[in-house]
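These protein sequence lines map, in sequence, to chains G and U.
1 is the number of the first residue of the first sequence in the numbering used here; add one for each residue after it.
1001 is the number of the first residue of the second sequence in the numbering used here; add one for each residue after it.
Below is one structure, written out as structure tokens; the observations come after it.
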Amino acid sequence: AQKVTQAQTEISVVEKEDVTLDCVYETRDTTYYLFWYKQPPSGELVFLIRRNSFDEQNEISGRYSWNFQKSTSSFNFTITASQVVDSAVYFCALSPPTGTASKLTFGTGTRLQVTL
Amino acid sequence: ETGVTQSPTHLIKTRGQQVTLRCSSQSGHNTVSWYQQALGQGPQFIFQYYREEENGRGNFPPRFSGLQFPNYSSELNVNALELDDSALYLCASSWTGGNTEAFFGQGTRLTVV
């Protein structure tokens, strides 16, 4: 069975602070995909990143960066210089191998509140 | 905007009734998945449709059923509604056969009273 744990229920930061959202996963698959989605108050899940289990390189996209460590089954997400528009619920998710990328197992989410 | 559209956006039903939710997948996508998101929780996988057949199901009872049409759009049907069925229902479309992510619609918020 697959499982995703996001231990941080809610995080509050002041604008321009850096913040890291933690994600720990469990799976018996040797190949899998990891994802991060953002859910603003409107409800739609916005795709942020997909990472193949064979690719452990860290990735940076603007103010966003992701740290994938297979040895600790973690896929953490860092927002640098946070902004009020970053306020949302963030979900980490796990999927089986290629072809079933939409059978996602989600964590319970971390609500990020960025204030001025 | 993802190109995945769901209707209706909000719905109120009475316990015991039946409901049909609709999803139009993104152009070029052949797979539709449905998720239930209870308040304060992460989305839970209900089932997936590929080539008009159910292709995997989560831990949901048979009163949750679906259809996929030749144009890849999909319906989610829920019979004998219960109060606990109140949730945001999300549809996601993707391409099976390639390494693509799933794109989500804005969801249908169902309230059962």
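Note that CB positions come from ideal geometry on N, CA and C, so glycine has one too.
Cβ proximity to chain G below 7 Å picks out G1056 from the stretch 1053-1067 of chain U. In the DSSP annotation of this structure, the continuous segment of the beta strand (DSSP E) that includes V24(G) starts and ends at V24 to E26. Rounded to whole angstroms, Q57(G) and I49(G) show a C-alpha spacing of 13 Å.
Interface residue (Cβ-Cβ distance to chain G less than 8 Å): S1073(U) is not classified as such. Excluding the 5 residues flanking it on each side, P1008(U) has same chain C-beta neighbours closer than 7 Å at T1108, in chain order.
In the displayed model, K70(G) falls within a helix according to three-state DSSP.
Distance from the CA atom of E15(G) to the CA atom of V84(G), rounded to whole angstroms, is 6 Å. Your pair L1081(U) and Q1018(U) checks out as a contact, with CB atoms roughly 7 Å apart and the cut at 8 Å. Straight-line measurement puts the Cα of S1086(U) at about 10 Å from the Cα of L1011(U).
Residues T5, S73 and S74 of the same chain have their beta carbon placed closer than 7 Å to that of V24(G), with the five preceding and five following residues left out of the count. Burial state of F1069(U) is exposed, judged by a 10 Å Cβ sphere holding fewer than 16 other Cβ atoms. Going by DSSP, R63(G) is part of no beta strand (DSSP E) at all; its letter is neither H nor E. Its chain contains T1020 and S1065 as the residues whose beta carbon lies nearer than 6 Å to that of N1077(U), once the 5 sequence neighbours on both sides are disregarded; these appear in chain order. Chain G has no Cβ within less than 8 Å of the Cβ of L1110(U). By the criterion of at least three beta-carbon pairs nearer than 8 Å, the stretch 26-42 of chain G is in contact with the stretch 88-99 of chain G.
Taking the CA atoms as reference points, S42(G) sits about 7 Å from Q1106(U). For the 8 Å CB-CB criterion, Y1050(U) and Q1044(U) do not form a contact.
For L1081(U), the three-state secondary structure derived from DSSP is coil. Against chain U, the beta carbon of L34(G) has no neighbour under 8 Å; the closest one sits roughly 11 Å away. If you look at S1033(U), you'll find it in the beta strand (DSSP E) that goes T1031 to Q1037. F1064(U) is bridged by DSSP to V1078(U). In summary, E1054(U) is exposed, with fewer than 16 beta-carbon neighbours lying within 10 Å of its beta-carbon over all protein chains present. Under the Cβ criterion of 8 Å, F1069(U) is not counted among the residues facing chain G.
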